[in-house]
Amino acid sequence: MTAAAMHRTRLLWGSLTALGAITALVTGAADQASKLWLLRVYDLATKGAVKVMPFVDFVLTWNTGISYGWFQQEGPFGQWALLALKVIAVALLWIWLARAHSRLTALALGLIIGGAIGNAIDRLLYGAVADFVLLHLETASWRFNWYVFNLADVAIVAGVAILLYESVWGDHAPKAP
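Start counting the sequence shown at 273; every next residue gets the next number (my numbering).
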């Protein structure tokens, strides 16, 4: 193997890449399985809002934008542009994963990559991302609704939270003098 080929291999595969890749695969598969079940078996689209717990409903929404419904893109150009951004983001996260020195970092990046891929599959199949979990609190006089999300979103947020935790308290976090 040439030196250039070895460098490319190290750029894309490191000692903890398998952990991140397996995490991404499981995350993406769980996300897609939940959506397939809710869309095809349970048929959430025809049921409307379904109360799961006093503070959790299943309600189907199609998100043509990104987080919190920002940057809604109804047309094909916008959808392909968002998909291209996801591909670039996943590629950059994969390079970071290949250089990861901590199992926690590899796990976090796997969660983020798997979530991004799960939502990208929706965008390819449906032209929008299927969101279905609605958290809410209500009293007699007011109601608070969180945004509607899916398992891929949970994985992405968990991955980012783990990275933040590790940046403050992890082995490589800056230490006080």
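Think of the CB as a built atom: it goes at the ideal place given N, C-alpha and C, for glycine as much as any other residue.
By the DSSP assignment, the beta strand (DSSP E) with residue i in it spans what residues?
i	result
D425	Careful: D425 lies outside any beta strand (DSSP E), inside the alpha helix (DSSP H) at L423 to W441.
R415	R415 to N417
V405	V401 to E410
V313	Taken as a continuous stretch (DSSP letters only), V313 belongs to no beta strand (DSSP E), as it is neither H nor E.
V322	V322 to M325
Between which two residues does the alpha helix (DSSP H) carrying residue i extend?
i	result
W334	Where W334 is concerned, there is no enclosing alpha helix (DSSP H), although the beta strand (DSSP E) it sits in stretches over V328 to N335.
L316	L316 to K319
A361	P348 to A370
V298	T289 to L308
G390	R375 to Y398
Whose CA, out of the options, lies closest to the CA of residue i?
i	options	result
F327	L376, I393, I360 and T411	T411
A433	L376, G286 and R415	L376
M325	A427, V405 and H444	V405
L396	V313, A290, L332 and Q351	Q351
F416	D329, L284, S439 and Y398	D329
L311	L365, H373, I294 and Y398	Y398
I294	V359, W366, L283 and P348	W366
A321	V420, S439, V440 and I360	V420
Do residue i and residue j have their C-beta atoms within less than 7 Å of each other?
i	j	result
L423	D315	no
L288	A378	yes
L369	G292	yes
A392	N335	no
A388	V362	yes
A380	G431	yes
L407	W418	yes
L332	A353	no
A402	K323	no
Taking contact to mean 3 or more Cβ pairs, one atom from each stretch, closer than 8 Å, check whether the segment 299-307 and the segment 383-394 are in contact. A contact exists between the segment 299-307 and the segment 383-394.
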